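Laid out in structure tokens, this is it:
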């Protein structure tokens, strides 16, 4: 009986791993829609400008040492991630023509703002 339970558990674990690799567990949405203009966020680390480019709203932000794109997006949206991470990455690249993993401290980048 113990061997049977071990075999069933092994198959369940293998199935879960294969499912995770093939389908993933993070939901993916392709379209977020047009972003609307929002008021400028009043934080001293943000530059005082919110702009709209091609119906997409963004804010310019100077990156500090240790900042990440995801961390900055979370701070702009009350510590919540409003869209899938893949969408954030695509939007950042579209706004800055620079990969998300190459940001440098002291530089100003455009970060997308999303409706919540």
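Residue numbers (our numbering): 11 to 126.
The beta carbon of each residue, even a glycine, is placed where N, CA and C say it ideally should be.
All of these numbers come straight from a predicted model, not from anything done at the bench.
Which of the three DSSP states is assigned to residue i in this structure?
{"i": "residue 67", "result": "strand"}
{"i": "residue 93", "result": "coil"}
{"i": "residue 110", "result": "helix"}
{"i": "residue 118", "result": "strand"}
{"i": "residue 21", "result": "helix"}
Measuring straight from C-alpha to C-alpha, what distance separates residue i and residue j?
{"i": "residue 12", "j": "residue 27", "result": "23 Å"}
{"i": "residue 34", "j": "residue 71", "result": "32 Å"}
{"i": "residue 117", "j": "residue 78", "result": "12 Å"}
{"i": "residue 113", "j": "residue 69", "result": "15 Å"}
{"i": "residue 120", "j": "residue 25", "result": "41 Å"}
{"i": "residue 99", "j": "residue 29", "result": "24 Å"}
{"i": "residue 86", "j": "residue 80", "result": "10 Å"}
{"i": "residue 19", "j": "residue 110", "result": "39 Å"}
{"i": "residue 106", "j": "residue 82", "result": "15 Å"}
{"i": "residue 15", "j": "residue 104", "result": "51 Å"}
Under 8 Å by Cβ, that's how I've got residue i and residue j pegged, so tell me the actual separation to the nearest angstrom.
{"i": "residue 84", "j": "residue 90", "result": "7 Å"}
{"i": "residue 1", "j": "residue 75", "result": "The structure shown does not extend to residue 1, since the chain is modelled only from 11 to 126, so the question has no answer here."}
{"i": "residue 101", "j": "residue 122", "result": "4 Å"}
{"i": "residue 94", "j": "residue 124", "result": "Rounded, the Cβ-Cβ distance is 11 Å, inconsistent with contact."}
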